[in-house]
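The structure appears right after this line, and notes come after that.
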Amino acid sequence: MNARQAEEYLLGLELFGMRFGLDRMHKLMTVLGMPQQRFASIHVVGSNGKSSTVRMIAAILERHGLRTGSYTSPHLRSFRERIEVGEEPVSDGDLAAAVARAAHAAELVDRTADPDDRVTQFEALTAAAYHELARRGVEVAVIEAGLGGRFDATNVIPSKVQVLTSVGLEHTRWLGPTVTDIAGEKLAVVRDHARLVVGELDPEATAVAERIAAERHARLVRAPADAGVDLRVPGRFQRRNFALATEAAQAFLGRALEPGAVAAAAAEVRVPGRLEVVDERPMTIFDAAHNPSGAAALAESLPDLVGERRPRTLVMSVLEDKDAAGMLSELLPLFDRAVYTRCENPRSLSPATLDTLAAKLGGPPSETVADPRRALERAHSLASPGGAVVATVILVFVGIGYALGRIFL
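Per numbering that gives the first Met the number 0, numbering through the sequence shown is continuous, rising by one, with the last residue being 408.
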């Protein structure tokens, strides 16, 4: 495979949808020679903040002398961005080779499976990631769960540290109707005698964390709200994520962290697609908020970034299985205008539906532009040079801004 063929193979697997269960993953790992056993691992689960926390943990451990890898999702432009070694995405060639290995393993697994039980896209990509991280000789990999935890494809690693960032009412169709149910599904990744690091949780999720830690004889570590260092990345929520990351890194190392290494990680780590300023006239910000909790975190941090008086235009797209009304309720009071669009995902809500919901919530003057690129361009034309445009959408759409050439990584 070359890089284009690898991307086409993975995109083709979207046709088979999403299926829970670890049987296919265990078979893939067996065919590939159990790569997940060849590095230590930290497993990060939660409703919001997973990707940021993964990047921060990896950055801290890298600066403590460990060869570190990470696996996150989704990506901005290319699947290769999901797999990093030494805080750098793998090359196109390495991704292609890893996906080719995973595709061969998937072919062998599918031969003995029922026709409706084929390897999924996320399983194939996760298998490729574990193979590549092992091949590159990482000492520790920081792994972001995709959805939930118990039956998520990532949950075949023998992690020694598990991290819970937050718990919100999301994916209730698969994870259960209550915070207690969802927390239980996410914390099913906790291993016996491991270390469980948690951020700020509501009482229901806290009770689940305490119960599971006791049942698994795991040490429960509660992270503070702030690590007391200056961060490169903006956002009050990122300060909480970094504090969580420092506790996770310390739990993994089993010793106190080096202040200089922590400060260096805080000053250098980047989190693409989260409160990311990609243009100045007008100020243009991309953020990957995809549920009400993420929208609330954006709303909390936005005044610090753009100021109180700068006029603001919102560009928004939401998937049909997300709580669009909840997100709009958090964001609309902060904006003077809105442009509703749809991302390239077939599950995206129609702009007209978003516009109707926003009108019922008393939103600002708005319009609909179906094409996301033109929606961004329209928002720029509406915003004065001194205004701000905030595109808060799923990461697949955030990548469109990169394609417009407004930012260079």
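Positions of the beta carbon are idealized from the N, C-alpha and C atoms, including for glycine.
{"query": "Rounded C-alpha distance that separates ASN154 from VAL189", "result": "10 Å"}
{"query": "Test item: CB-CB of GLY424 and ARG311 under 8 Å", "result": "This structure does not reach residue 424, given that the chain is present from 0 up to 408, and the question cannot be answered."}
{"query": "The alpha helix (DSSP H) enclosing THR391, as first and last residue numbers", "result": "Unbroken run through THR391 is the beta strand (DSSP E), 387-391; no alpha helix (DSSP H)."}
{"query": "Span separating the alpha-carbon of TYR129 from that of GLU80", "result": "14 Å"}
{"query": "Buried versus exposed call for GLY398 [16 or more other C-beta atoms within 10 Å across all chains shown]", "result": "Only weak support exists for where GLY398 lies, its pLDDT of 48 falling under 50; the value from the coordinates is given anyway. It counts as buried."}
{"query": "Nonlocal neighbours in the same chain, by C-beta distance under 8 Å from ILE59, ignoring five residues either side", "result": "ALA244, THR245, ALA248, LEU256, ALA260, VAL261, ALA264"}
{"query": "Buried/exposed call for HIS293, threshold 16 Cβ in 10 Å", "result": "Before going on, a small fix: residue 293 reads as Gly here, not His. Buried, since its Cβ has 16 or more Cβ neighbours within 10 Å."}
{"query": "Own chain residues within Cβ distance below 7 Å of ASP320, not counting five before or after", "result": "ARG346"}
{"query": "Buried versus exposed, by CB contacts within 10 Å (16 or more), ALA95", "result": "buried"}
{"query": "At least three beta-carbon pairs within less than 8 Å, the stretch 123-140 to the stretch 67-86", "result": "yes"}
{"query": "C-beta contact flag for THR52 and VAL44 at 8 Å", "result": "no"}
{"query": "Separation of VAL389 from ALA266, as counted between CA atoms", "result": "24 Å"}
{"query": "Every unbroken alpha helix (DSSP H) inside the stretch 63-117 [4 residues or more]", "result": "91-110"}
{"query": "ASN1 classed as buried or exposed, judged by whether at least 16 other C-beta atoms fall within 10 angstroms", "result": "exposed"}
{"query": "7 Å Cβ shell around GLU329 - same chain, five flanking residues per side excluded", "result": "PRO291, ALA294, ALA295, ALA298"}
{"query": "Sequence-distant residues of the same chain with beta carbon closer than 6 Å to ALA212, five excluded per side", "result": "LEU195, LEU219"}
{"query": "Other residues of its chain near THR177: CB distance less than 6 Å, five sequence neighbours each side excluded", "result": "none"}
{"query": "DSSP three-state assignment for HIS130, whether helix, strand or coil", "result": "helix"}
{"query": "Nearest neighbour of GLY64, chosen from VAL197, LEU252, GLU199, LEU146 [CA to CA]", "result": "LEU252"}
{"query": "Runs of alpha helix (DSSP H) lying entirely within the stretch 279-353, each at least 4 residues, in chain order", "result": "291-305, 323-330"}
{"query": "DSSP state of ARG269 mapped onto helix, strand, coil", "result": "coil"}
{"query": "Runs of beta strand (DSSP E) lying entirely within the stretch 177-256, each at least 3 residues, in chain order", "result": "194-197, 218-221"}
{"query": "Segment contact flag, the stretch 8-24 with the stretch 143-161, C-beta cutoff 8 Å, min 3 pairs", "result": "yes"}
{"query": "Cβ-based neighbour list, GLU61, same chain, cut-off 8 Å, excluding 5 preceding and 5 following", "result": "THR67, GLY85, GLU86, ALA264"}
{"query": "Simplified DSSP state of ILE156, which is helix, strand or coil", "result": "coil"}
{"query": "Other residues of its chain near ARG309: CB distance less than 8 Å, five sequence neighbours each side excluded", "result": "MET282, GLY385, GLY386, ALA387"}
{"query": "Any chain B beta carbon closer than 8 Å to GLN120", "result": "Of the chains in the structure shown, none is chain B; there is only one protein chain."}
{"query": "Sub-8 Å separation of ARG231 and ARG269 beta-carbons", "result": "yes"}
{"query": "Where LEU394 sits in the DSSP three-state scheme", "result": "Its pLDDT being 42, under 50, LEU394 is placed unreliably in this model, and the value from its coordinates should be taken loosely. Looking at LEU394 - three-state DSSP - the assignment turns out to be helix."}
{"query": "Same chain only: Cβ atoms within 6 Å of ARG215, ignoring 5 sequence neighbours per side", "result": "VAL189, ASP191"}
{"query": "Span of the beta strand (DSSP E) around VAL43", "result": "39-44"}
{"query": "Sequence-distant residues of its chain with Cβ nearer than 7 Å to LEU9 (five each side left out)", "result": "PHE78, VAL98, GLN120, ALA123, LEU124"}
{"query": "Same chain only: Cβ atoms within 6 Å of LEU381, ignoring 5 sequence neighbours per side", "result": "THR312, ARG336"}
{"query": "Chain-order list of residues whose beta-carbon lies under 6 Å from that of ARG149 (same chain, five-residue window excluded)", "result": "GLU184, ALA187"}
{"query": "Local Cβ density within 10 Å of ALA182, reported as buried at 16 or more and exposed below that", "result": "buried"}
{"query": "Nearest candidate by alpha-carbon position, reference GLU275, set GLN237, ASP113, ARG373, GLU307", "result": "GLN237"}
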